[in-house]
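Single-structure report; data block below.
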Amino acid sequence: MTAAFTDIYHRLLEIYGPQGWWPADSPFEVVLGAILTQNTAWRNAESALASLKDVVPLDPESILNLDEETLLNSIRPSGYYRQKAHKLRIICRYLADNYDGDLANMETKGTAELRGELLDLHGIGPETADSILLYALNRPVFVVDAYTIRLFERLGHLSIDSSYNQVQEMFMKSLEPDPAVYNEYHALIVIHGKELCRKSRSLCSQCRLVEMCGYETAA
DNA sequence: GTCCAGGGCCTAC
DNA sequence: GTAGGCCATGGA
């Protein structure tokens, strides 16, 4: 199993090349993007982020000081904008109160402790917390999403109803704890899923990954 | 018009 | 602990 997870990573890298995630100008921008892209096309999250950047400097205090109407209007393109405005304020308050508004001040804390803190915040679930840990803080935490479960179920490595934690554990037991690899691997899985294998198992069975790997997809 | 996107919360069982 | 409903915009 370990070899398969490593092999698939190298195949994806060969097919798609390095993705260089996360597209952002700062770690804090990663945090904002992680919330804005929840169940939302990145294009729309990006649009919201750009609008927000037009009206306020991207730091926790500035966003906390923004009036509600401006915040709502800025992030409207990302969808779920009322919920997301609330979530943004919550994590900004958390960062301002606990880390002086600077993610660099989180460096001294352990990954497990930080993950627990993030998960305790309203609006931060496992995928968002792990995206922040990996892409903003460079911690070796594997990010699992719907694409991950769909792809590896089709390749016969896990059950479609596997839980987030089960899948994450499987990846992290099979791979060396290297943030650079986790970073690229998750990005590649998402890019791969977008390209061809979003809906159809039959398309997935014909995709370049399966052709290159020679893996039989699960029935 | 329908489907879905780089989820997570709340409620009911 | 988990299944279902809900949140909302924009592109295919």
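For the record, in the first sequence the residue sitting at position 89 is 1199 according to the working numbering, with numbers rising by one throughout.
Just so it is clear, CB atoms sit at the ideal spot from N, CA and C, and this is done for glycine as well.
Under the three-state DSSP convention, the category residue i falls into
| i | result |
| --- | --- |
| residue 1329 | Unreliable positioning characterises residue 1329 in this predicted model, as indicated by a pLDDT of 46, which lies under 50. A coordinate reading is not provided. |
| residue 1314 | helix |
| residue 1137 | helix |
| residue 1119 | helix |
| residue 1155 | helix |
| residue 1231 | coil |
| residue 1190 | coil |
| residue 1293 | helix |
| residue 1170 | helix |
| residue 1112 | helix |
| residue 1273 | coil |
| residue 1211 | coil |
| residue 1267 | coil |
| residue 1130 | coil |
| residue 1176 | coil |
| residue 1223 | helix |
| residue 1164 | helix |
Option in the options with minimal Cα separation from residue i
| i | options | result |
| --- | --- | --- |
| residue 1160 | 1178, 1176 and 1188 | 1188 |
| residue 1257 | 1298, 1250, 1231 and 1320 | 1298 |
| residue 1136 | 1114, 1154, 1124 and 1170 | 1170 |
| residue 1267 | 1284, 1253, 1252 and 1251 | 1284 |
| residue 1184 | 1210, 1207 and 1155 | 1155 |
| residue 1246 | 1117, 1313, 1142 and 1279 | 1142 |
| residue 1192 | 1289, 1254 and 1158 | 1158 |
Between the region 1127-1135 and the region 1186-1205, do at least 3 Cβ pairs fall closer than 8 Å? no
Along the chain, which unbroken stretches of the beta strand (DSSP E) at least 3 residues long are found entirely within the region 1236-1265? none
If we count Cβ pairs, one from each stretch, closer than 8 Å, do we get three or more for the region 1268-1279 versus the region 1221-1229? no
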